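Peer 1:
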Amino acid sequence: MKLVFRSTLFPLFAFLYTIFSDTFAEQYNFKTFSLEEGMSQSTIYTICQDKRGYIWFGTLGGGVSRFDGSEFTHFSVEDGLAGNQVYKIIEDQLGNLWFGTRNEGVSVYDGKKFRTLNTKNGLKAGTIRDMIQDEKGRILLGTEGGGVHLLNLAQGLDKIEIEIINTTSGLISNAVYSLCKDNYGNIWVGTQNGISILKNSTGKIINLDEKNGLSNLKIRSIETDNSGNIWIGTFGGSVFFADNLSINLNQTYRFLKPFSVLNDMQIMDIFINNEGSIWMATLGQGVFKYKNLKLINYTAAEGLSNNNVMTVFQDKSSSMWFGTFGGGASKLGDLAFSYISTKDGLTDNHVRSMIQTNNGDLWLGTFEGGVNLIRENQLINYSTKNGLSFNRVFAIMEDKNKNIWFGTDGEGVCKFDGKKFENYSVKNGLCHNQVWTIIQDKKGIIWFGTYGNGISGFDGKEFKSYNKSSGLIHNSVLTLLEDNKGTIWIGTYEGISKMVRNQYSASFISITTREGLSNNQVISLVQDPSGNIWAGTSGGGVCKLKESADGSIDIRCYSKKDGINSNNIKSLLLDNEGNIWIGSEKGIERIEISNDGKIKKLKFFGKEEGFNGIECYQNSACKDASGNLWFGTVKGAIKYTASEVKFNKVSPQTHITNIKLFFEDVNWINRTLGTDTIPLDESINYEKISEWNALPVNPVFPYSQNHFTFSFTGISHKTPEKVRYKFKLENFDKDWLPVTKENTATYANIQPGSYIFKVLSCNEENIWNTAPAEFYFTITPPFWRTWWFYTVMAGSVLSVIAGTIKIRERNLKHQKQLLENKVIERTEELKITNDKLISTNSELEKLSIVASETDNAVIIADAQGVIEWANQAFTRMTGFSIDEYKKLKGQSLEEVSSNPEIRNIISESIEQKKSVIYESLVRHKNGEEYVIQSTLTPVLNEHRAILKLVVIDTDITERKKTEIEIKDKNRKIAQSINYAKRIQDTIIPDSNALKYFFSDSFVFLKSRDVVSGDLPWIYINEEDIYIASIDCTGHGVPGAIMSIVAHFLLDKIMSEHSGLATTYILNELHKGVKKTLQQEKNTDSHDGMDMALINVKLKDREKNNFELCFSGARRPLFHLHGNEIFEIKGDRFPIGGVQYSGKGKEVAFTENKINISRGDAIFLCSDGIIDQFGQKENKRFGVTRLSETIVNNHSLPMAEIGNRIKKQFEEWKGENKQLDDVLLIGIRF
């Protein structure tokens, strides 16, 4: 067996060495956890994951750090740990954790307290290098100088029995660094002088050294793989291997060195993961993985935090962890994503185009660095130095003759035949020099889509071009696609043009939002296996176009409403399974569509999942021959290898970690509350304190302690940022509360009773743990709601009743005498009342006289609402006498009224004893309708008892007609203003237009009225983009009219010339406003506008440094550079009106040139935000406050800066009326 092993293994590994030494470096999805992330110390000796899911890190001097995926908790000697230098951590079968330290012995932690064994209580050496638990449940300690210690736990942790195995017992050395249990129960002991095997069956010790093939005896790590083979790592002597068959059948121990590349390396640890891969940690050379006969090295160049790797570990989610010396811990989730950047030799991280050619070459076109060729693990750059016409390459295509075509952003196209470049531009017949997309059709014609003048077809001899004048929907072409029928589809800024070709010419069919597209800016096109065309848009998500046999097209669009992460589609790609892949500014996403057209499954990959580039570039994507997907991003090229994806099928482990009372932390062990250590309420009782989370078990709280905040965690280490929760308080919540990312829940004013707080968590694959974490507790009722209090109160009530009866009998006789006395008193009171009644009747008679003479109808009813009398005006108003009306309608106020709310109205008047006014629609005896306003008034006596109800009716029909006319006029005015707003909305540019050119930007426009006098303005031509903030005189309708004047004058100026200076534009606009408003004749007219205008060259906008032009009419520009902001003021006069200088000449506007660096931002605004007065402080918002808000938030994305300014503006304004229209534009370059 050994001969076969030797003859096959060594030639194989000689081949592996060749592969290893020439491999092209790629970076992988490593994530580092060190001091900045919360680790207690940056050198990690050992890593262990316990049964509860927590990962424990042993450090050089910081004790141990426990990690739940989000937060670190630290334990040191102050908490009872034996020492702060921890070499080894293991978990025993009962869930206790063991910590082997340097010089201080070993500590065992049961979730409540640490117990320590050291040289003072039985150990022969204080430094513990390794630990394992054998089949008998004993803990074996590998000590540095004391041999092997066997700890017998049969009597519990407080009565541990210790057995020593050292050189006296036959051990080869007392300096033990590694322990390993093989498949037969034998214990392998790695020492400073070789290996000892403690035989499980006989108890004998077998020693192995140079005679067995160990050329280096400093053993640092021993592991057994899934086949039972033994792997040994040495300090300076490579890796050794012994196969299981030799050990088991021949009982021979002969070691081989399978990896010559590892010779003389210092192997610190060997680990076999759940796939059977062998991981080997080295001091200085990173970590090596051996899998499927391949040896792969991962170093700092591939993303590892440090090349000095001390330990390797795999957690339950299959993520690999690497503890380093000085670099913290590195986590490798999976190898699905690898990426290439300038660190690996790329000339530029901005990868704008890519393809893999038929021979396997990968070509990457960049924004400033030409093209990069990756061939046979080598990277080669081609630029203008080698013959490329321009270093900005936006499109790459391989033709049928194996020539490579490069579309540049300004110098046409280049053809590369493998030896030399040949350039084609407008001089050769190409329609435009900015070529953004290239395809070759089935006929061999190469099509070039240009940014500015349509498309050109090249048959190898001459170009034939088509543009808007030929029927193309727009001249700026963003993407081209030939479908399986040979039809060319053209994506542009204004929709899709479908080319219909005949023998001599071509026509175009337009597909836009009118036909069903969600957005007209079509960035990318792809065809799926079913023949459907997919269109990625800027702002509208992705649309599926299904063409019928009759040529009709059914369009179905998918956006954020359907679950897609972004509506800004940068690229579309098809994988080998027919799934659609989307590239956006947020990452990439796989879409699976069901047969009924609905989204069946979505899978998003962002930074947390390993797609570190985040923002994809337009149409910079391809699929290689192996089915791997490549994406060009702002941070390099990223490869997605589907076979390396490890879907996390392990649900999170959920724990309740803390419980607060009234938002205060509680130390349940010391029974103190909050940071001031206030003693806990003595009436709170519980059975005990739980292990590991130090929370009370089955606590009982008094009714006053009824406000709880529960903290919890779901431990899932692969993508902890994607863990979500749902929870419920049983007997309080009817059902589980909605899924949330928040890991706290607060309940207030909980009523007395028994409750269970339950919480579940799920991972990024939506896999939920089945058994919730639970916390049981009881709240006792107050004494007056207990059974014994009810019993006492019932007895007391019965006693009171019996006593009351006896007292009443005794008092009855006394009351009889009192009654006789009261009869006499009442007789006298009746006489007085009678006199007052006579007086009241007299007053009512007077009221009747007044009522009979008034024009208002008066109705008098009794206290119950029964009508008693009505005046003559009632008859004149209704056409009925009161008797006729009562006979027709009824006897009461409620019956005769036509108001549907009359019952409530009468009740309100009677209850509150005050007048109530209401309106009713009534019908005259002749059939005419009219409106009356009624006042219902109760008449009270001196005791405030109701004597009568009086209703006075007034005819308000004419007043109502007037009100209706006023409302109708207001409605028509509002319609006119809304119509004006629709007109104005058509000239206000779509915010996506700005975001397309400057993705990190925002526009904050808030009108004071329905229409606005403030106007953002954008104009784009082939070379320039102009952006302005316009503040017209007035606001509301006058301001809106001026904004329309400004818009059309500016469009007229821009259409007449190109490449205009900002000063020229403002001067011409000034002349146009004066002419339009006839201000030369009417010098009293000062209408016009303030304005801030910038000009950016399109070719400059993504350079690291460039020059921006600015001119202003009474409006400044704010320039943010780093964390400093500068105000560049405009000229001190507006556009419009007659403006003269001191010398009598009309003034002209000036131009400012501003140096812009990448990352700088500019802000343009109207005076509306500056001049707004605050509610709390009676002063303006001001330039200083705006500048401070920008600087304080300078590191945030521009959209968030805009949101914060908007929020601060609203808070500053408060309830105050908005004084003016507000406009603020922000752009980061």
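Numbering (the numbering used here), first residue to last: 1 to 1229.
We treat Cβ as the ideally placed atom computed from N, Cα and C, and that holds for glycine.
The model shown is predicted, which means the values in this text are computed figures rather than measured ones.
What number of angstroms, rounded off, separates the C-alpha of TRP1017 from the C-alpha of ILE1135?
Peer 2: Computed Cα separation, rounded: 15 angstroms.
Peer 1: Could you please give the first and the last residue of the uninterrupted beta strand (DSSP E) stretch that includes PRO1016?
Peer 2: Run containing PRO1016: 1014-1020, per the beta strand (DSSP E) assignment.
Peer 1: If I'm right that SER338 touches LYS639 with Cβ under 8 angstroms, what's the distance once you round it to whole angstroms?
Peer 2: 5 angstroms between Cβ atoms; contact.
Peer 1: To the nearest angstrom, how far is it from the Cα of ILE488 to the Cα of ASN467?
Peer 2: Looking at the two C-alpha atoms, the distance is approximately 14 angstroms.
Peer 1: According to DSSP, which residues form a beta bridge with LEU673?
Peer 2: Looking at the DSSP assignment, LEU673 forms a beta bridge with VAL666 and ILE678.
Peer 1: Report the rounded CA-to-CA distance for LEU1224 versus GLN1079, giving the unit in angstroms.
Peer 2: Roughly 29 angstroms between the two C-alpha positions.
Peer 1: Quick check on this structure: which residue in ASP243, LYS289, PHE325 and THR282 has the alpha carbon closest to the alpha carbon of LEU60?
Peer 2: Here the closest residue by C-alpha is PHE325.
Peer 1: So is SER305 buried or exposed if we call it buried at 16+ other beta carbons inside 10 Å?
Peer 2: Label assigned to SER305: buried.
Peer 1: Roughly how many whole angstroms lie between the Cα atoms of GLY328 and GLY286?
Peer 2: Each residue's Cα considered, the two are about 13 angstroms apart.
Peer 1: Given a cut-off of 7 angstroms, decide if GLY194 and LEU157 are closer than it, judged by their beta-carbon atoms.
Peer 2: In this structure, GLY194 does not lie closer than 7 angstroms to LEU157 by Cβ.
Peer 1: Three-state secondary structure (DSSP) at VAL703?
Peer 2: This sequence places Tyr at residue 703; Val is not what is there. TYR703: coil per DSSP, three-state reduction.
Peer 1: Straight-line CA distance for TRP1212 to MET1089?
Peer 2: Computed Cα separation, rounded: 26 angstroms.
Peer 1: Apart from the five residues just before and just after ILE1170, which ones in its own chain have a Cβ nearer than 8 angstroms to its Cβ?
Peer 2: If we look at ILE1170 and ignore the five residues flanking it on each side, its Cβ neighbours are ARG1180, PHE1181, GLY1182, VAL1183 and LEU1186.
Peer 1: For MET310 and ASN658, what's the separation of their Cα atoms in angstroms?
Peer 2: If you take the alpha carbons of MET310 and ASN658, they lie about 34 angstroms apart.
Peer 1: Where does PRO772 land, buried or exposed, given buried means 16+ other C-beta within 10 angstroms?
Peer 2: Label assigned to PRO772: buried.
Peer 1: For TYR184, count neighbouring Cβ atoms within 10 angstroms of its own Cβ and tell me buried if that reaches 16, exposed if not.
Peer 2: TYR184 comes out exposed.
Peer 1: Would you kindly work out how many angstroms separate the C-alpha atoms of ALA861 and GLU894, rounded to a whole number?
Peer 2: Rounded to whole angstroms, ALA861 to GLU894 spans 11 angstroms at the Cα level.
Peer 1: Flag this pair as yes or no: are the beta carbons of GLY583 and CYS616 separated by less than 7 angstroms?
Peer 2: In this structure, CYS616 lies closer than 7 angstroms to GLY583 by Cβ.
Peer 1: Considering only DSSP beta bridges, list what PRO696 is partnered with.
Peer 2: Note: PRO696 sits in a beta bridge opposite ILE689.
Peer 1: How close, in whole Å, do the beta carbons of ILE946 and ALA863 come, if the pair is a contact with beta carbons under 8 angstroms?
Peer 2: Yes, they are in contact, since the Cβ atoms of ILE946 and ALA863 sit about 4 angstroms apart, within 8 angstroms.
Peer 1: Give me, in chain order, the residues of the same chain whose beta-carbon lies closer than 6 angstroms to that of ASN96; leave out the 5 immediate sequence neighbours on both sides.
Peer 2: Answer for ASN96: VAL108 and ASP110, listed in chain order.
Peer 1: Excluding five sequence neighbours on each side, which residues of the same chain lie with their C-beta closer than 7 angstroms to the C-beta of ASN403?
Peer 2: Excluding positions up to five away in sequence, the list reads LYS415, PHE416 and ASP417.
Peer 1: Measuring CB to CB, does SER909 end up less than 7 angstroms from VAL916?
Peer 2: Their beta carbons are under 7 angstroms apart, which means SER909 touches VAL916 by this criterion.
Peer 1: With distances taken between CB atoms, is the gap from GLY1130 to ALA1113 smaller than 7 angstroms?
Peer 2: Their beta carbons are under 7 angstroms apart, which means GLY1130 touches ALA1113 by this criterion.
Peer 1: If you compare alpha carbons, which of PHE406, CYS431, ASN433 and HIS432 is closest to LYS420?
Peer 2: For LYS420, the nearest C-alpha among the options comes from PHE406.
Peer 1: Identify every residue that forms a DSSP beta bridge with LYS623.
Peer 2: For LYS623, which the question treats as bridged, DSSP gives the partners LEU629.
Peer 1: Identify every residue that forms a DSSP beta bridge with LYS88.
Peer 2: LYS88 is bridged to GLY100.
Peer 1: When burial is assigned at 16 or more other CB atoms within 10 Å of the CB, is TYR776 buried or exposed?
Peer 2: TYR776 comes out exposed.
Peer 1: Using C-beta distances below 8 angstroms, list every residue in its chain close to GLY1144, excluding the 5 sequence neighbours before and after it, in chain order.
Peer 2: Any reading at GLY1144 must be qualified, since the residue scores a pLDDT of 46, below 50, and its modelled position is unreliable; no value is offered.
Peer 1: Between which two residues does the beta strand (DSSP E) holding GLU589 run?
Peer 2: That run of the beta strand (DSSP E) goes 588-593.
Peer 1: Write down the C-beta distance between ASP334 and VAL645 rounded to the nearest angstrom, noting that I regard them as a contact closer than 8 angstroms.
Peer 2: With 8 angstroms as the limit, ASP334 and VAL645 qualify as a contact, their Cβ atoms being about 6 angstroms apart.
Peer 1: What is the rounded straight-line gap between the Cα of SER920 and the Cα of ASN1216?
Peer 2: So the two alpha carbons sit approximately 38 angstroms from each other.
Peer 1: Along the alpha helix (DSSP H) that carries TRP405, what are the first and last residues, could you check?
Peer 2: TRP405 -> not in any alpha helix (DSSP H); beta strand (DSSP E) instead, spanning 404-408.
Peer 1: Report the start-end ranges of each beta strand (DSSP E) in the segment 721-777 that is 3 residues or longer and not cut off at the edges.
Peer 2: For the segment 721-777, whole beta strand (DSSP E) runs of length 3 or above, ordered along the chain, are 724-730, 744-747 and 753-762.
Peer 1: Could you tell me whether any Cβ in chain C is nearer than 7 angstroms to the Cβ of LYS294?
Peer 2: The question asks about chain C, but that chain is absent: this structure has only one protein chain.
Peer 1: Does the distance from the C-beta atom of GLN1172 to that of LEU1219 stay below 7 angstroms?
Peer 2: Yes, the Cβ-Cβ distance between GLN1172 and LEU1219 is below 7 angstroms.
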